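Please read the structure below before turning to the comments.
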Amino acid sequence: MKNRYSQRVSVDCSAMFAGENVVSEGRILDLSLPGCLMESSKKMSAGEYIQLRLFLPDHQAPLHVALAAIRWAEGSKVGIEFIRTSQSEQHRLEQFVRRSSRCDASSTLSDRGVLAGTAWNEKQS
């Protein structure tokens, strides 16, 4: 198993993403500063680029990721790396991950709204 270079937190929130000729939804399963893991019924391939909006369980406005890359795809799950976000969105993401990491590891954060976005996570062996 590869060591992570960034802390990851479990989440359960809706996602919506847009890429070349596709707009679809998914569920974010975990989140870290460089990206997250998403599950979606839409078939995606490594190397694709997308835009995302993440409606985190903090009930604030959607978190916008202007550019993200699919780094791996396996079945319905994809690992997505955030490539371009604004400084304010990056700061918000850092705060969310920091706060969420303090939560009990066995609990999962859930949303009440639609999350538009995509995420990244390294594939584990």
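In terms of the working numbering, the sequence shown opens at residue 1 and continues consecutively.
All residues carry an ideal CB built from backbone N, CA and C; glycine is no exception.
Being a predicted model, the structure only gives us computed values, none of them experimental.
Pair within 8 Å by beta-carbon distance, residue i and residue j
{"i": "residue 61", "j": "residue 49", "result": "no"}
{"i": "residue 63", "j": "residue 93", "result": "yes"}
{"i": "residue 70", "j": "residue 32", "result": "no"}
{"i": "residue 25", "j": "residue 77", "result": "no"}
{"i": "residue 8", "j": "residue 30", "result": "yes"}
{"i": "residue 11", "j": "residue 42", "result": "no"}
Bounding residues of the beta strand (DSSP E) (the contiguous stretch that carries residue i)
{"i": "residue 17", "result": "8 to 19"}
{"i": "residue 44", "result": "Premise fails: residue 44 is in no beta strand (DSSP E) and is neither H nor E."}
{"i": "residue 33", "result": "Neither: residue 33 is in no beta strand (DSSP E) and is coded neither H nor E."}
Residue interval of the alpha helix (DSSP H) (run including residue i)
{"i": "residue 98", "result": "87 to 101"}
Three-way DSSP call (helix, strand, coil) for residue i in this model
{"i": "residue 51", "result": "strand"}
{"i": "residue 75", "result": "coil"}
{"i": "residue 67", "result": "strand"}
{"i": "residue 104", "result": "At residue 104, the pLDDT of 36 sits below 50, so the modelled position is not reliable and the matter cannot be decided from this model."}
{"i": "residue 56", "result": "coil"}
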